[in-house]
Amino acid sequence: MSRRIDLHTHSTASDGTTPPAQLVAEAQAAGLDVIALTDHDTTGGWAEAAEALPSGLDLVRGAEISCIRDGISLHLLAYLFDPEEPAFADARRELRESRIGRAERMVRLMEDDGHPVNWAQVQGLAGGTVGRPHIAQALMAHGLVGSVEEAFRPDWIGTNGRYWVAKRELDVVEAVRLVTGAGGVAVFAHPAAARRGRTVGDDVIALMAEAGLAGLEVDHIDHDDAARAHLRGLARDLGLLTTGSSDFHGTNKTVRLGANLTPVEAYEQIVARATGAKIVHA
Ligand code: AMP
Ligand code: FE
Ligand code: FE
Ligand code: ZN
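Structure representation (structure tokens):
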């Protein structure tokens with residue numbers, strides 16, 4: 211029987227709506243054999259997920275790192291790195307701290323326009339790394355938008371939108387080096403998710419590969435068939451492995467756990483390459 215492996219999920223440690231302990235329980239109920247917890251810029255959910263891990267489910271401890279290249283925001287999945295390694299740990303802390311001032315500024319801009327949102331409320335909605343989905347929830351609570359998706363339109367907090375403020379992001383090649391320097395394995399998250407804004411060209415992916423990138427997340431809800439076919443060809447050319455995952459965010463998105471899966475061969479290569487942390491078995 212083939213193993214069901216989902217290598218990209220979020221919990222309340224960042225912008226998911228499911229606490230880590232509940233996430234691993236739901237993963238088991240969804241018939242998964244392996245789940246990676248990849249909260250934005252944090253390892254804050256690792257301990258709770260490991261503690262609550264149901265038998266038969268393996269946990270890959272990871273994170274999704276906020277990056278930039280040529281003015282384009284991108285996400286890098288980092289697996290099985292040493293959470294204590296100072297250079298990468300400092301970088302994650304700086305990313306999280308910058309998100310706080312940035313979210314505060316976004317809320318201030320809305321208040322200046324007379325909207326009834328406030329920073330204390332957004333802080334109360336964020337259990338870890340604060341992000342735009344928490345602001346979107348505050349907007350929903352006030353009936354200003356009908357859904358998280360609607361909050362991401364340009365008249366609210368969509369990228370470059372009316373109330374959008376930039377956050378600190380790591381240069382993506384530098385980030386690949388930080389992840390591998392901490393014994394982790396780097397996979398480019400949803401490289402062709404054009405729905406969120408501009409995406410980088412194959413030249414940037416080639417530079418990331420030279421810097422030590424291990425793989426591309428090909429099977430993702432934001433990729434159409436043409437994008438997947440292109441990325442698979444590119445991965446073959448560059449000697450990269452390919453993964454698939456749900457990018458589950460609880461009720462902040464509609465995608466279900468296990469919506470896309472990673473082939474066991476790719477998973478085993480990721481585990482074999484990692485030197486920073488081990489898989490957790492219950
Ligand atoms: P931030 O990291 O604070 O800039 O917020 C980006 C996060 O918002 C992403 O990680 C997604 O979880 C979420 N997001 C981005 N675009 C959308 C969208 N169109 N609808 C719902 N959630 C989104
Ligand atoms: Fe997110
Ligand atoms: Fe992402
Ligand atoms: Zn994600």
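Heads up, the final residue of the sequence shown is numbered 492 in our numbering, and it's a clean run with no missing numbers. All C-beta atoms, glycine included, are put in the ideal place defined by N, C-alpha and C. Every value quoted in this text rests on a predicted model; they were computed, and no experiment measured them.
Since residue i is in the beta strand (DSSP E), which residue starts that stretch and which ends it?
i    : result
Y373 : Per DSSP, Y373 belongs to no beta strand (DSSP E) and is neither H nor E.
H285 : I282 to Y289
A246 : V244 to H250
I278 : D268 to R279
G425 : G425 to D429
So, for residue i: in the same chain, excluding its five sequence neighbours on each side, which residues have a beta-carbon less than 7 Å away from its beta-carbon?
i    : result
A437 : A402
D292 : A392, G393, G486 and A487
L263 : V234, L269, V490 and A492
Measuring only from the beta carbon, is residue i closer than 7 Å to any heavy atom that is part of ligand 4?
i    : result
D457 : yes
H430 : no
A399 : yes
Return the chain-ordered list of same chain residues with a C-beta closer than 6 Å to the C-beta of residue i, the five sequence neighbours on each side being excluded.
i    : result
R302 : D251
H433 : A402
E258 : P230 and A231
L417 : V383
Flag residue i as yes when its Cβ comes closer than 7 Å to any non-hydrogen atom of ligand 1, and as no otherwise.
i    : result
R406 : yes
D225 : yes
F362 : yes
E359 : yes
G311 : no
S308 : no
C341 : Reading off the sequence shown, one finds Gly at residue 341, where the question assumed Cys. Yes, Cβ of G341 sits closer than 7 Å to a heavy atom of ligand 1.
Exposed or buried, residue i, counting other C-beta atoms within 10 Å across all chains shown (16 or more means buried)?
i    : result
F261 : The question names Phe, yet the displayed sequence has Glu at residue 261. Counting Cβ neighbours within 10 Å, E261 comes out exposed, since fewer than 16 surround it.
P296 : exposed
H491 : exposed
D495 : The structure shown does not extend to residue 495, since the chain spans only 211 to 492, so no value can be given for it.
R405 : exposed
E160 : The chain is shown only over 211 to 492; residue 160 falls outside these bounds and no answer can be derived.
D216 : buried
D249 : buried
What are the boundary residues of the alpha helix (DSSP H) that residue i is part of?
i    : result
T390 : V382 to G391
G443 : D435 to L448
F362 : It is not in any alpha helix (DSSP H) - F362 carries neither H nor E in the DSSP assignment.
F169 : Because the chain in this structure spans residues 211 to 492, residue 169 falls outside the shown range and cannot be described.
A348 : R342 to A351
Can residue i be considered in contact with ligand 3, in the sense that its beta carbon sits closer than 7 Å to one or more heavy atoms?
i    : result
H285 : yes
I344 : Reading off the sequence shown, one finds His at residue 344, where the question assumed Ile. Not so, every heavy atom of ligand 3 lies at least 7 Å from the Cβ.
E261 : no
Is residue i close to ligand 2? I mean its beta-carbon at under 7 Å from any heavy atom of the ligand.
i    : result
H220 : yes
H250 : yes
Requested in this report: Assess, as a yes-or-no matter, whether the stretch 245-254 is touched by the stretch 350-369 under the definition of 3 or more beta carbon pairs within less than 8 Å.
Outcome: no
Query raised in the report: Between the stretch 264-277 and the stretch 375-390, do at least 3 Cβ pairs fall closer than 8 Å?
Result: yes
Requested in this report: Give a yes or no on contact between the stretch 469-476 and the stretch 437-453, applying the rule of three or more CB pairs nearer than 8 Å.
Outcome: yes
Query raised in the report: Would you call the stretch 226-234 and the stretch 460-468 in contact, with 3 or more CB pairs under 8 Å?
Result: yes
Query - Stretch-stretch touch, CB-based, cutoff 8 Å, three pairs: the stretch 419-427 with the stretch 437-446 - result: yes
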